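Scroll down for the structure; my scribbles are underneath it.
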Amino acid sequence: MASAVADRYALGSTNKIAAKARYTDYRMAIISETLELISNEIDALMASKTRIERAQKALALVFSVCTECLALRSLKLDKDVTLDKAQVELEKQLIQEIRALFCDTLCQITEKVGHLKRLKNLLEINWSNKKEAYDVDTVNLTLNIKSPYIMPHTKAVGETEWFHML
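In our numbering, the protein residues as written are 50 to 215.
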C-alpha cells in the first residue's frame, strides 16, 4: 500500500518534471528563433550603416565639386557671370540638410544596434540558464525511488542545512 502511494507520488513528480522540461525546451526554441531574428536585424542595420557612410562620402565629393565650380564661376568677369546667389544658397542648404539627415540616421542605427546587442546578450544568458535547467531536468527524469544514487549539486544545500538534516 505504502509502495503504491510512493509510486503514485513519484509518477506525479516525474510528470511535472517532464512537463517542465518540455516547457523549457519550448522556451529555448523561441529564444533561439528570436536570437536569429535579432542577428538578422543587426546584420541588416550594419549593411544600412555601411551604405549611408558610403553615401556620406559621395555627398562630400559632390559638395567639394559644387564648391569648386562655384569658386571658378566667381573668378569670371562680371559680364560673363551667370551666378545666382539664391541657387548657390539652395544647393548648400540642400547638401547640409542631406548631411544632417545622414548623421541623424547613423545615430539612430548606432543606438538601435547597441540596444539589439544588449538584448541579444540578455537572451543568450537566458538561453544558457534554460539549457542548464533543461539538462538538470532531463537527468532528474531518469531518477526514481529505487535509484542507487543521488546527484548532488554544488550549493544546492548550504552547510548549515546539513547539520539540521543529521
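Quick reminder that beta carbons are idealized off the backbone N, C-alpha and C, glycines included.
Just so it is clear, the structure is predicted and the values come from calculations on it, not from any experiment.
Residues of its chain near residue i, where Cβ-Cβ distance is below 7 Å and the 5 sequence neighbours each way are ignored
i    : result
I101 : F151, T154 and L155
L119 : V137
E140 : C115
K98  : L155 and I158
A104 : F151
Cβ neighbours of residue i in the same chain (closer than 8 Å, five flanking residues each side left out)
i    : result
I80  : L172, N175, W176 and K179
L124 : none
L84  : K169, L172, E173 and W176
T209 : For T209, the predicted model reports a pLDDT of 47, less than 50, meaning its position is unreliable and no value from the coordinates is stated.
L215 : Confidence at L215 is low in this model, with a pLDDT of 36, below 50, so its placement is unreliable and no value can be given for it.
I147 : L108
I144 : L108, V111, F112 and C115
Buried versus exposed, by CB contacts within 10 Å (16 or more), residue i
i    : result
D186 : buried
Between the CA atoms of residue j and residue i - distance to the nearest angstrom
i    : j    : result
G61  : K169 : 36 Å
Q142 : I158 : 24 Å
A182 : A59  : 20 Å
M77  : V54  : 34 Å
D56  : K65  : 14 Å
L94  : T63  : 46 Å
L108 : K166 : 30 Å
A135 : A149 : 21 Å
D74  : E82  : 12 Å
D184 : K106 : 52 Å
Same chain, Cβ closer than 6 Å to residue i, five either side skipped, listed in chain order
i    : result
V114 : none
W211 : Only weak support exists for where W211 lies, its pLDDT of 40 falling under 50; the value from the coordinates is given anyway. No residues qualify anywhere along the chain.
- Task: Count the CB pairs spanning the region 61-73 and the region 179-193 that are closer than 8 Å, and state whether there are at least three.
- Result: yes
- the region 159-166 touching the region 82-99, judged by at least three CB pairs closer than 8 Å: yes
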